Amino acid sequence: GENVEQHPSTLSVQEGDSAVIKCTYSDSASNYFPWYKQELGKRPQLIIDIRSNVGEKKDQRIAVTLNKTAKHFSLHITETQPEDSAVYFCAARSPGNQFYFGTGTSLTVIP
Amino acid sequence: GAVVSQHPSWVICKSGTSVKIECRSLDFQATTMFWYRQFPKQSLMLMATSNEGSKATYEQGVEKDKFLINHASLTLSTLTVTSAHPEDSSFYICSANYPGTLVEQYFGPGTRLTVT
């Protein structure tokens, strides 16, 4: 099956700085890559996604890039705010529509 | 957006008993649902793919006889943890694929299972 790795596991940034989280995947047939934000005890919330036919996507302060050749994708959060503090997960969708998650990044934005 | 519910939201059971968790798609029909387990401070681990009208597909290492999945209708999948043990205590989350060209995944709110 698909194997998704995510780095770093923890990340602390000063408010206003940028945060970058990186993921790699193993199955070249995976075709959809969402990013989720999860607060303690709650369901994951989709924050941005990218499909395999696109290299970059941006939504206000959040952007995602995808390098299909290298099989890695990254989440970029600019002008971070304290409310951005949470655990972030990347995921890759296999051709069978199963979603495989990265190990998660605990982001702390220091006011 | 689409809504997926889970019931119960939390449950405490004694070791050796069985617990059933329901996952419902409230405003759409889902031919496929997924079950995940999440231990504290860890990632979501895909347990199985639940297919309406057929047997579930389990991920490697997941005991199909312990985690029984039934997808009897297009809006309901159930996960039964049989003969639960303390190590089964976890956060169980289901998700459903929204049909159509934009295949998005919607998560249920999760069920916190504690086995004493």
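Heads up: the sequence lines are chains A and B, in that order.
Start counting the first sequence at 1416; every next residue gets the next number (this note's numbering).
Start counting the second sequence at 97; every next residue gets the next number (this note's numbering).
Note that CB positions come from ideal geometry on N, CA and C, so glycine has one too.
Values in this document were obtained by computation on a predicted structure and should not be read as measured data.
Query: Is the stretch 1468-1477 of chain A close to the stretch 1418-1426 of chain A, with three or more CB pairs under 8 angstroms?; Result: no
Query: If we call anything under 8 angstroms between Cβ atoms a contact, is phenylalanine 1488/A one with phenylalanine 1448/A?; Result: yes
Query: For glutamine 1429/A, count the other beta carbons within 10 Å of its own beta carbon; 16 or more makes it buried, fewer makes it exposed. Which is it?; Result: exposed
Query: Using the Cβ count rule (16 or more neighbours within 10 Å means buried), how would you classify alanine 1485/A?; Result: exposed
Query: In this structure, does DSSP put glutamate 1494/A in helix, strand or coil?; Result: coil
Query: For aspartate 1499/A, does the three-state DSSP call read helix, strand or coil?; Result: helix
Query: With C-beta atoms as the reference, is alanine 98/B less than 8 angstroms away from leucine 170/B?; Result: no
Query: From the DSSP output, read off the bridge partner residues of histidine 103/B.; Result: Glu118/B
Query: Is glutamine 201/B close to chain A, meaning its C-beta is less than 8 angstroms from at least one C-beta of that chain?; Result: yes
Query: Please name the residue or residues paired with serine 173/B in a DSSP beta bridge.; Result: Cys119/B
Query: Please decide whether serine 139/B counts as near chain A, where near means a Cβ-Cβ distance under 8 angstroms.; Result: yes
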